[in-house]
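**Student:** Counted the way our numbering counts, the sequence shown spans residues 378 to 602. The beta carbon of each residue, even a glycine, is placed where N, CA and C say it ideally should be.
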Amino acid sequence: METLVREKGVNSFQMFMTYKDLYMLRDSELYQVFRACRDIGAIARVHAENGELVAEGAKEALDLGITGPEGIEISRPEELEAEATHRVITIANRSTRIPLAHSPMHVPPLHTRPQPHACASAPAGKVVYAETTTAHATLTGLHYYHQDWFHAAAYVTVPPLRLDTNTSAYLMSLLAKHPPPWASPQAPHVPGTSLLGHRALWVPRFPDTVLPRGLALWVLHFPST
378 METLVREKGV NSFQMFMTYK DLYMLRDSEL YQVFRACRDI GAIARVHAEN GELVAEGAKE
438 ALDLGITGPE GIEISRPEEL EAEATHRVIT IANRSTRIPL AHSPMHVPPL HTRPQPHACA
498 SAPAGKVVYA ETTTAHATLT GLHYYHQDWF HAAAYVTVPP LRLDTNTSAY LMSLLAKHPP
558 PWASPQAPHV PGTSLLGHRA LWVPRFPDTV LPRGLALWVL HFPST
């Protein structure tokens with residue numbers, strides 16, 4: 378990590394609290410990475426979801442015979458994001474005796490209403506950046522229940538879109554008041570590839586790309602132009 382920062386210009390490192398048995402880091406591992414980022418002057422980026430409970434939710438969905446795109450929303454309730462966001466901020470704060478003003482943290486993605494409150498509750502002196510995406514600020518998880526499987530699969534992303542139609546409006550209000558970084562997964566929908574997940578709970582992620590991001594924000598803010 379130090380070589381990447383000092384010699385290659387890398388200034389941030391992405392970590393995951395989900396994707397159990399693949400990318401997921403335990404709390405103690407996150408703690409060590411945060412200390413390393415602090416020491417070398419890098420920004421820690423953390424995908425905050427409770428990976429253990431996400432894995433359990435996926436098992437339960439499959440046991441119930443839920444294998445379609447709706448399973449992504451059922452198995453990953455928003456409280457798992459809120460809990461993980463609060464927990465990772467707490468872990469980061471414990472990684473140093475000095476406030477994290479010297480070691481900022483980036484929490485991508487921010488997709489639920491409780492998450493901003495978790496970020497705002499960070500102890501004084503801690504710098505926590507949150508990020509959302511065009512898809513989560515403009516769409517809802519109702520698409521996962523569309524009768525056309527390909528239509529539903531086109532909206533799969535992690536964390537999933539939410540059923541609460543007020544969530545997207547809330548995220549847009551944050552953009553107006555306290556602009557968060559705005560992102561997109563850069564994964565355009567290619568219908569043929571969705572077949573890979575037709576009989577599984579997990580399908581490729583497709584909702585938005587960098588090209589329509591600016592256009593979507595413009596239309597939402599200036600619909601008459």
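Is it the case that the Cβ atoms of Arg422 and Met482 are separated by a distance below 9 angstroms?
**Tutor:** Translated into positions along the sequence shown, residue 422 becomes position 45. Translated into positions along the sequence shown, residue 482 becomes position 105. Yes; because the gap between Cβ atoms is below 9 angstroms, this pair is in contact.
**Student:** My assumption, with CB atoms under 8 angstroms, is that Val535 sits in contact with Glu508. Please give the rounded CB distance.
**Tutor:** Against the sequence shown, residue 535 aligns to sequence position 158. Against the sequence shown, residue 508 aligns to sequence position 131. 14 angstroms between Cβ atoms; not a contact.
**Student:** Over what stretch of residues does the beta strand (DSSP E) that includes Val505 continue unbroken?
**Tutor:** On the sequence shown, position 128 is the one that residue 505 refers to. Taken as a continuous stretch (DSSP letters only), the beta strand (DSSP E) holding Val505 covers Val505 to Ala507.
**Student:** Are the CB atoms of Leu402 and Val410 nearer to each other than 9 angstroms?
**Tutor:** Here the question's residue 402 lines up with position 25 in the sequence shown. Here the question's residue 410 lines up with position 33 in the sequence shown. A contact, by the Cβ cut-off of 9 angstroms.
**Student:** When the Cα of Tyr547 is compared with those of His488, Ala530, His523 and His528, which residue comes out closest?
**Tutor:** As a first step, residue 547 is located in the sequence shown; it is residue number 170 there, counting from the start. The shortest Cα separation from Tyr547 among His488, Ala530, His523 and His528 belongs to His488.
**Student:** Give me the Cα-Cα distance between Ser550 and Glu406, rounded to the nearest whole angstrom.
**Tutor:** The count along the sequence shown starts at 1 and reaches residue 550 at position 173. The count along the sequence shown starts at 1 and reaches residue 406 at position 29. Cα-Cα distance, rounded: 35 angstroms.
**Student:** Note down, one range per segment and in chain order, each alpha helix (DSSP H) of at least 4 residues found wholly within the stretch 424-455.
**Tutor:** The stretch 424-455 contains these whole alpha helix (DSSP H) runs: 428-440 and 447-451.
**Student:** For Gly607, collect the residues of the same chain with a Cβ closer than 6 angstroms to its Cβ; drop the 5 residues on either side in sequence, then sort them by chain order.
**Tutor:** Outside the modelled stretch of the chain, which goes from 378 to 602, sits residue 607, for which no answer is possible.
**Student:** Val535 by DSSP, collapsed to three states: which one?
**Tutor:** Position 158 of the sequence shown, counted from the start, is the residue given in the question as residue 535. Val535 falls in the coil class under three-state DSSP.
**Student:** Judging by CA-CA distance, which residue of Val533, Phe390, Thr515 and Asp525 is the nearest neighbour of Asp541?
**Tutor:** Indexing the sequence shown from 1 puts residue 541 at position 164. It is Thr515.
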